[in-house]
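Protein chains: 2
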Amino acid sequence: MPSEFELIARYFTRATSHTELGIGDDGALVVPTHGQVLVISTDLLVEGTHFLSDTDPEALGWKTLAVNISDMAAMGAQPRWATLAAALPAPTESWIEDFAGGFFECANSYGIDLVGGDTTRGPRTFCVTIIGEVPAGQALRRDGAKAGDSIWVSGKPGLAALGLAHLQGRTRLAEPALSECLAALHRPQPRISLGLALRGIASAAIDVSDGLLADLGHVLEQSGLAARLHIPNLPAAGLERDCLLAGGDDYELLFTAAAGLDSAVMALSARLELPLTRIGEIVVGPPGELVLCDDGGSVITPAIRGYDHFMSPTGREGTVSRDKQ
Amino acid sequence: MPSEFELIARYFTRATSHTELGIGDDGALVVPTHGQVLVISTDLLVEGTHFLSDTDPEALGWKTLAVNISDMAAMGAQPRWATLAAALPAPTESWIEDFAGGFFECANSYGIDLVGGDTTRGPRTFCVTIIGEVPAGQALRRDGAKAGDSIWVSGKPGLAALGLAHLQGRTRLAEPALSECLAALHRPQPRISLGLALRGIASAAIDVSDGLLADLGHVLEQSGLAARLHIPNLPAAGLERDCLLAGGDDYELLFTAAAGLDSAVMALSARLELPLTRIGEIVVGPPGELVLCDDGGSVITPAIRGYDHFMSPTGREGTVSRDKQ
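Line order of the protein sequences matches chains Y and D.
Every letter in the first sequence is one number past the one before it in this note's numbering, and letter 168, counting from 1, is 400.
Every letter in the second sequence is one number past the one before it in this note's numbering, and letter 261, counting from 1, is 493.
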């Protein structure tokens with residue numbers, strides 16, 4: 233069995249592209265870009281709570297970093313550097329090699345340098361901290377929504393939750409939907425291009441990790457406003473509706489923008505070749521209140537709104553869900 | 233039981249002093265100081281490997297942050313911001329309150345803003361990522377030692393390991409040594425003032441977390457040199473000698489400086505009211521080679537040199553030791 237230092241050296245030390253001093257000292261040295269503000273976020277993923285012990289290590293490596301990149305997208309930031317701390321019960325080299333492969337494939341796809349690491353013995357746990365940059369005053373925050381703003385969501389929320397339901401035997405998907413849902417679950421594509429393009433357009437943004445309604449709720453609470461939602465083609469009931477409204481793990485962006493920018497957002501959708509759907513509007517009302525209508529205009533009260541790791545004793549296993557604070 | 237969001241809001245959200253946007257969004261926003269380089273480090277602490285389940289939560293909160301601050305000291309950096317991710321098996325409010333109390337006492341002592349957090353259910357685990365600043369070109373690295381440099385260590389290495397040995401019944405300490413050793417173990421004081429003062433003086437630096445010999449070994453390997461040590465009052469053998477040479481968890485600074493600066497280092501010791509002891513010199517030789525002599529000049533071969541979390545299956549329980557990469 234290789235030592236900790238050998239493990240780090242062999243699998244987690246790669247050439248960096250924009251880092252003065254990488255892994256191997258008491259700290260890494262990086263030079264921030266003048267005029268940019270740093271955006272910092274951290275996530276902890278625990279086996280049994282966020283992923284199952286038989287999760288494919290390469291997919292897990294990708295997703296461990298991807299969920300953090302998604303936070304940068306939600307802030308309108310360019311991700312730049314990340315650290316990875318890992319606890320491993322007994323380091324199996326092939327498992328670590330596969331995990332590192334997925335992790336660095338994601339890092340390379342998004343231009344991120346891994347600049348720090350820590351490896352120790354313990355129940356399998358990963359903690360990534362990510363640092364991005366955004367020009368001063370241009371970050372997309374949760375507290376900027378205004379009454380009258382349109383509410384938008386990217387992609388197709390609910391796919392990851394549907395894929396998980398299939399894996400757990402709660403539904404049975406057929407191709408090509410199955411492949412699409414499993415890709416959304418295992419290899420989410422954080423919306424960095426969208427986040428960067430929304431600088432100066434979006435009034436507020438969040439990534440959909442806890443579920444559409446729960447994450448919109450965070451925006452509403454922090455902006456002190458309410459919302460009325462009309463989700464096109466909303467399934468009338470059942471698992472599909474739950475996945476759409478409350479399924480986490482999507483890593484799409486939910487954002488608000490002044491109604492006068494609706495056509496600019498549609499143009500952005502065309503340019504990025506990414507569906508952007510207007511799902512409602514911000515209204516004055518009790519902070520956090522959500523009124524949800526189906527296609528016919530009837531008010532719907534969803535059974536579940538989102539996910540809290542401490543309120544749900546079973547966890548949502550088999551997937552990487554997490555919370556943001 | 234409070235929800236995750238309530239826990240974060242109640243115990244881990246404090247006023248910040250130098251942060252544009254703290255906990256509560258997808259990421260924190262901080263403004264780096266122009267002309268400074270960022271120093272980034274991360275550490276993962278796992279129950280059973282780094283601390284015991286009955287460890288006093290307040291002391292653990294202090295130490296969880298302190299060991300990261302020590303990395304900033306070793307780089308000559310001013311610590312500025314930190315994130316904390318925590319897995320908790322079942323959140324006991326009083327435990328969390330005490331842990332947060334110790335954590336923020338340390339944060340306030342060293343002028344650090346907590347800017348990000350994540351809390352989830354899982355085996356008790358803490359991951360801190362810390363970000364500091366140092367003027368460009370002034371960071372203290374491990375690879376800068378030169379042949380002929382003096383080797384120095386601050387404080388009294390080995391106290392923490394002796395305190396742990398007492399708690400584990402492997403030795404029996406009397407007052408006042410007992411209090412001194414337990415303080416070193418439970419409430420280490422990272423040497424930030426020393427690290428800042430060593431800018432422009434030290435040629436290389438590291439903090440003593442894995443043991444004096446092991447950490448000196450890292451400096452020697454990265455500098456491509458060897459060392460000859462003459463440790464004053466070195467115990468001839470036994471536990472005390474092992475603690476001095478190989479006991480981790482000290483968080484003192486080990487550094488090298490040109491021999492011509494010996495008097496400058498002694499003056500620094502007086503100014504900081506901190507013992508700085510010259511323990512040997514850097515010599516040309518096989519990279520990493522250490523020759524250790526006792527008071528009489530006899531060569532000593534220590535039985536153990538340091539600690540690796542994967543090579544030692546039992547872990548070093550009861551203490552917060554960790555590794556640096």
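Backbone N, C-alpha and C define an ideal beta-carbon position, used for all residues, glycine too.
When DSSP labels each residue in this structure, what does D/V451 get in the three-state scheme? Residue mapping note: residue 451 of chain D aligns to position 219 of the second sequence, counting from 1. Residue state, collapsed to three classes: helix.
Any beta carbon from chain D within less than 8 Å of Y/H418's own beta carbon? Counting from one through the first sequence, the residue named residue 418 of chain Y turns up at place 186. For Y/H418, the answer is no, since every Cβ of chain D falls outside 8 Å of its Cβ.
Exposed or buried, Y/S411, counting other C-beta atoms within 10 Å across all chains shown (16 or more means buried)? Translated into the one-based positions of the first sequence, residue 411 of chain Y becomes position 179. Exposed is the call here.
Reference D/I424; option with closest CA among D/D494, D/E484, D/A446: If you number the second sequence from 1, residue 424 of chain D lands on position 192. The shortest C-alpha separation from D/I424 is found at D/E484.
Count the other CB atoms within 10 Å of the CB of Y/R373; is the residue buried (16 or more) or exposed (fewer)? Mapped onto the first sequence, residue 373 of chain Y falls at position 141. Counting Cβ neighbours within 10 Å, Y/R373 comes out buried, since at least 16 surround it.
The segment 353-372 of chain D contacting the segment 239-254 of chain D, beta-carbon criterion three pairs below 8 Å: no
How would you list, in chain order, the residues of chain Y whose beta-carbon sits under 8 Å from the beta-carbon of D/W313? The count along the second sequence starts at 1 and reaches residue 313 of chain D at position 81. In chain order: I272.
Three-state class that DSSP yields for D/S285 in the structure shown: Your numbering for residue 285 of chain D matches position 53 in the second sequence. Correct three-state label for D/S285: coil.
Just confirm the distance between the C-beta atoms of D/I383 and D/E513, as a whole number of angstroms; I'd bet it's less than 8 Å. Here the question's residue 383 of chain D lines up with position 151 in the second sequence. Here the question's residue 513 of chain D lines up with position 281 in the second sequence. Yes, they are in contact, since the Cβ atoms of D/I383 and D/E513 sit about 6 Å apart, within 8 Å.
Would a C-beta distance cut-off of 8 Å place Y/L417 and Y/V360 closer than the cut-off? Looking up residue 417 of chain Y in the first sequence gives position 185. Looking up residue 360 of chain Y in the first sequence gives position 128. In this structure, Y/V360 does not lie closer than 8 Å to Y/L417 by Cβ.
Rounding to the nearest angstrom, what Cα-Cα distance links Y/P408 and Y/L508 in this structure? Sequence index remark: in the first sequence, residue 408 of chain Y carries index 176 (1-based). Sequence index remark: in the first sequence, residue 508 of chain Y carries index 276 (1-based). Taking the straight line joining both Cα atoms gives about 21 Å.
D/A436 and D/V516 - do their beta-carbons sit closer together than 8 Å? Counting from 1 along the second sequence, the entry for residue 516 of chain D is found at position 284. Counting from 1 along the second sequence, the entry for residue 436 of chain D is found at position 204. Not in contact: D/V516 and D/A436 (Cβ atoms no closer than 8 Å).
Closest by C-alpha distance to Y/V271, when choosing among Y/P289, Y/I301, Y/A291, Y/G254: Working through the first sequence from its first residue, we reach residue 271 of chain Y at position 39. Residue Y/I301 is the option with its Cα nearest to Y/V271.
For the beta strand (DSSP E) holding Y/S435, just list the boundary residues, first then last. Start at 1 with the first residue of the first sequence, and residue 435 of chain Y comes out as number 203. Counting along the chain, the beta strand (DSSP E) containing Y/S435 begins and ends at 434-439.
Counting only runs of 4+ residues fully inside the segment 288-312 of chain D, write out the alpha helix (DSSP H) ranges in chain order. 289-306
Could you give the uninterrupted runs of the alpha helix (DSSP H) lying entirely in the segment 363-414 of chain D, keeping only those of 4 residues or more? If we require 4 residues or more, the alpha helix (DSSP H) runs fully inside the segment 363-414 of chain D come out as 391-399.
Who pairs with Y/V360 in a beta bridge, going by DSSP? Numbered from its first residue, the first sequence carries residue 360 of chain Y at position 128. Its beta-bridge partners are Y/D275, Y/L316.
So does Y/T248 have its beta carbon nearer than 7 Å to some heavy atom of the ligand GTP? The ligand GTP is absent from the structure shown, which contains no ligand whatsoever.
Run down chain D in chain order and give the residues with a C-beta less than 7 Å from the C-beta of Y/V347. On the first sequence, residue 347 of chain Y is found 115 positions in, with the first residue counted as 1. Those are I272, listed as they occur along chain D.
Is DSSP giving D/G349 helix, strand or coil here? On the second sequence, residue 349 of chain D is found 117 positions in, with the first residue counted as 1. Strand at D/G349.
Give me, in chain order, the residues of the same chain whose beta-carbon lies closer than 7 Å to that of Y/E252; leave out the 5 immediate sequence neighbours on both sides. Numbered from 1 along the first sequence, position 20 holds the residue referred to as residue 252 of chain Y. Around Y/E252: L261, V262, V263.
Less than 8 Å between the C-beta atoms of D/T296 and D/F336, yes or no? As a working note, residue 296 of chain D is residue 64 in the second sequence. As a working note, residue 336 of chain D is residue 104 in the second sequence. In terms of Cβ geometry, D/T296 and D/F336 do not form a close pair [threshold 8 Å].
Classify Y/V269 as helix, strand or coil using the three-state DSSP reduction. By 1-based counting over the first sequence, the position of residue 269 of chain Y is 37. Three-state DSSP puts Y/V269 in a strand.
Which of the three DSSP states, helix, strand or coil, is assigned to D/V516? The residue given as residue 516 of chain D occupies position 284 in the second sequence. D/V516: coil per DSSP, three-state reduction.
So, does the CB of Y/G280 fall closer than 8 Å to a CB anywhere in chain D? Against the first sequence, residue 280 of chain Y aligns to sequence position 48. Y/G280 counts as touching chain D.
Reducing DSSP to helix, strand and coil, say where Y/S462 ends up. Within the first sequence, the letter at position 230 stands for residue 462 of chain Y. This sequence places His at residue 462 of chain Y; Ser is not what is there. Y/H462 falls in the strand class under three-state DSSP.
Chain D within 8 Å of Y/T355, Cβ atoms only: Position 123 of the first sequence, counting from 1, holds the residue named residue 355 of chain Y. Rather than Thr, the amino acid found at residue 355 of chain Y in this sequence is Pro. Chain D, which has a Cβ nearer than 8 Å to the Cβ of Y/P355, makes this yes.
Hey, does Y/V269 have any beta-carbon neighbour from chain D nearer than 8 Å? Here residue 269 of chain Y refers to the residue found at position 37 of the first sequence. With 8 Å as the cut-off, Y/V269 counts as an interface residue toward chain D.
Taking 8 Å as the threshold (beta carbon to beta carbon), is Y/V299 in contact with chain D? To locate residue 299 of chain Y, count along the first sequence from 1; it is residue 67. Cβ-Cβ to chain D under 8 Å: no for Y/V299.
So, for Y/L506: in the same chain, excluding its five sequence neighbours on each side, which residues have a beta-carbon less than 7 Å away from its beta-carbon? Numbered from 1 along the first sequence, position 274 holds the residue referred to as residue 506 of chain Y. Correct list, in chain order: S386, G387, L426.
Taking the straight line between their C-alpha atoms, what separation do you get for Y/Y539 and Y/V440? Start at 1 with the first residue of the first sequence, and residue 539 of chain Y comes out as number 307. Start at 1 with the first residue of the first sequence, and residue 440 of chain Y comes out as number 208. Note on Y/Y539: pLDDT 49, under 50, position unreliable in the model; the coordinate value appears next. Going by the C-alpha atoms only, they are around 12 Å apart.
In its own chain, which residues sit with a C-beta less than 7 Å from the C-beta of D/A415, not counting the 5 before and 5 after it? Taking the second sequence and counting its residues from 1, one reaches residue 415 of chain D at position 183. Taken in chain order, the list of residues that qualify is empty.
Which residues of the segment 424-443 of chain Y have a Cβ closer than 7 Å to any Cβ of chain A? Give them in chain order. The structure shown contains no chain A; its protein chains are Y and D.
For Y/Q454, count neighbouring Cβ atoms within 10 angstroms of its own Cβ and tell me buried if that reaches 16, exposed if not. Looking up residue 454 of chain Y in the first sequence gives position 222. So Y/Q454 counts as buried.
Which listed residue (D/A241, D/L277, D/D481) has its alpha carbon closest to that of Y/T352: The residue given as residue 352 of chain Y occupies position 120 in the first sequence. Of D/A241, D/L277, D/D481, the residue nearest in Cα terms is D/L277.
Mind checking the segment 332-344 of chain Y against chain D and listing, in chain order, the residues whose C-beta falls within less than 8 Å of any C-beta there? none
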